[in-house]
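Engineer: In mature numbering (1 follows the signal peptide of the UniProt record, and there is no 0), the protein residues as written are -24 to -1, 1 to 218.
Beta carbons are placed, not taken as given, at the ideal position from N, Cα and C, and that holds for glycine.
Quick one: structure below, then a few questions.
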Amino acid sequence: KSLNYLIELIQLCCFISFLSAGSSDVIREVGDSVQLEIKGSVSEFDNFFWTFNATVNVLQYYKQYKEIKPSTRYKDRVKFNEETYSLTLKNLQKTDSGLYEVKAFSRDHTSSATYRLSVLDPVEPPVLNHRRIAKPCNSTLTCRGHDLSINSTCNNETCEEKEVTSPGGVALSLYVQESIIFCNHSNPVSWKQANKTFTELCAHTDSLQRTANQNPLCFLSLLPTRDYRIKVCGLCARLCSL
């Protein structure tokens, strides 16, 4: 009698393990595959039925006959492992997002586990633009990705580092690493970057300086306004008269 009780207790622990370990959230990228694994011992069960959103049949497996019966909807995209009883879905699409449930049956027991699958598109490449402001080598940066945006100001090689997120887990961040400015766009399944160097931000300033050193007269044509050109011309005239 004690032995029978012990056996039943062990079986109960296995069922609880099956239930608790099988309830999980899974996230994948469009086009990927996912394997929904059953944790714990399930050797006591004879038949396994997989469903999607409670009403759509995915696959049925009958151990006694070693018969795998995928539904027509999933026939070319599903694989069942007869040793681990796990289910693999291939070429995932966003319409595959939802609740998957496996029900396991034996002569005396029925148990189940659920998996909530989210299938996401990969993020788009972000866009990183800059606009020079008054002081040499100072810029305003704009980092954009999907419907998120970040504005930051850079002074020489120091920039405001910022990050924003959306409720769907999409994140946009701007940061500096080893003199490179990064605009990073990510979600739970993918990430993409755009970057600029401080050399690019200061290129216009460096170009003006080199031109002025080489040919002061040519430098006049690069000055932004007529008033600046008049002032510099007057200064050059006075210097030349010395």
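Between G145 and the rest of its own chain, which residues show a CB-CB distance below 7 Å, the 5 nearest in sequence each way excluded?
Structural biologist: If we look at G145 and ignore the five residues flanking it on each side, its Cβ neighbours are N163 and P164.
Engineer: Quick check on the burial criterion: 16 or more other C-beta atoms within 10 angstroms. Buried or exposed for P101?
Structural biologist: P101 is exposed by the Cβ-count criterion.
Engineer: Would you call T27 buried or exposed, if buried means 16 or more other Cβ atoms sit within 10 Å of its Cβ?
Structural biologist: By the 10 Å Cβ count, T27 comes out buried.
Engineer: Given that a residue counts as buried once 16 or more other Cβ atoms are within 10 Å of its Cβ, and exposed if not, what is P143?
Structural biologist: So P143 ends up on the exposed side.
Engineer: So T175 is in the alpha helix (DSSP H); what residue range does that whole segment cover?
Structural biologist: Element bounds for T175: F174 to L177.
Engineer: Please report the residue range of the beta strand (DSSP E) in which S149 lies.
Structural biologist: Taken as a continuous stretch (DSSP letters only), the beta strand (DSSP E) holding S149 covers A147 to Q153.
Engineer: So the candidates are Q11, H122, A147 and E154; which of them puts its Cα closest to the Cα of C135?
Structural biologist: Minimum Cα distance to C135 is reached at E154.
Engineer: Quick one: residues in its chain with C-beta nearer than 8 Å to the C-beta of K42, no 5 flanking neighbours on either side, listed in chain order?
Structural biologist: Excluding residues within five positions, the ones whose Cβ falls inside 8 Å are E58.
Engineer: Kindly indicate which residue of L148, C113 and D84 has the alpha-carbon position closest to the one of E133.
Structural biologist: Nearest option by C-alpha distance: C113.
Engineer: Please identify the residue among Q69, S87 and S9 whose C-alpha is closest to the C-alpha of E77.
Structural biologist: Cα-wise, what sits closest to E77 is S87.
Engineer: Please give the ranges of any beta strand (DSSP E) in the segment 11 to 91, keeping only runs that are unbroken, at least 3 residues long and fully inside the region.
Structural biologist: Runs found: 23 to 28, 32 to 38, 43 to 46, 54 to 56, 63 to 65 and 74 to 81.
Engineer: At what residues does the beta strand (DSSP E) containing V2 begin and finish?
Structural biologist: That run of the beta strand (DSSP E) goes S(-1) to E5.
Engineer: So, is V10 buried or exposed, given that buried needs 16 or more other C-beta atoms within 10 angstroms?
Structural biologist: Under this definition V10 is a buried residue.
Engineer: Determine the burial state of N127: buried for a count of at least 16 other Cβ atoms within 10 Å of its Cβ, exposed for fewer.
Structural biologist: Result: exposed.
Engineer: Quick check on F195: does DSSP put it in helix, strand or coil?
Structural biologist: Interpretation of F195 is limited by its pLDDT of 44, a score under 50 that renders its predicted location unreliable; the figure taken from the coordinates is listed afterwards. Residue state, collapsed to three classes: helix.
Engineer: Would you kindly work out how many angstroms separate the C-alpha atoms of E139 and A147, rounded to a whole number?
Structural biologist: Each residue's Cα considered, the two are about 7 Å apart.
Engineer: Give me the Cβ distance between L75 and T90, rounded to the nearest whole Å; I'm assuming they're in contact under 8 Å.
Structural biologist: Indeed they touch by this definition, with Cβ atoms about 6 Å apart.
Engineer: Nearest-angstrom Cα distance between L184 and C178?
Structural biologist: Confidence in L184 is poor, its pLDDT being 46 and thus under 50, which makes the residue's placement unreliable; the coordinate value appears in the next sentence. For L184 and C178, the distance between alpha carbons rounds to 10 Å.
Engineer: Which of helix, strand or coil does DSSP assign to K207?
Structural biologist: Reliability fails at K207, whose pLDDT of 48 lies under 50, so the model's placement of it is uncertain and the value that follows must be treated cautiously. Correct three-state label for K207: helix.
Engineer: Is the Cβ-Cβ distance between S47 and I14 less than 9 Å?
Structural biologist: No; because the gap between Cβ atoms is not below 9 Å, this pair is not in contact.
Engineer: Helix, strand or coil: how does DSSP classify N132 here?
Structural biologist: In this structure, N132 counts as coil in the three-state DSSP scheme.
Engineer: So what does E100 bridge to, in DSSP terms?
Structural biologist: In the DSSP output, where bridge partners are listed per residue, E100 has none listed.
Engineer: Would a C-beta distance cut-off of 9 Å place V95 and V6 closer than the cut-off?
Structural biologist: In contact: V95 and V6 (Cβ atoms closer than 9 Å).
Engineer: For S82, which residues from the same chain have a beta carbon less than 7 Å from its beta carbon, with the 5 sequence-adjacent residues on both sides left out?
Structural biologist: The answer, listed in chain order, is E20, F21 and D22.
Engineer: Over the uninterrupted beta strand (DSSP E) stretch that includes E139, give me the two end residues.
Structural biologist: Looking at the DSSP string, the run of the beta strand (DSSP E) that includes E139 is K138 to T141.
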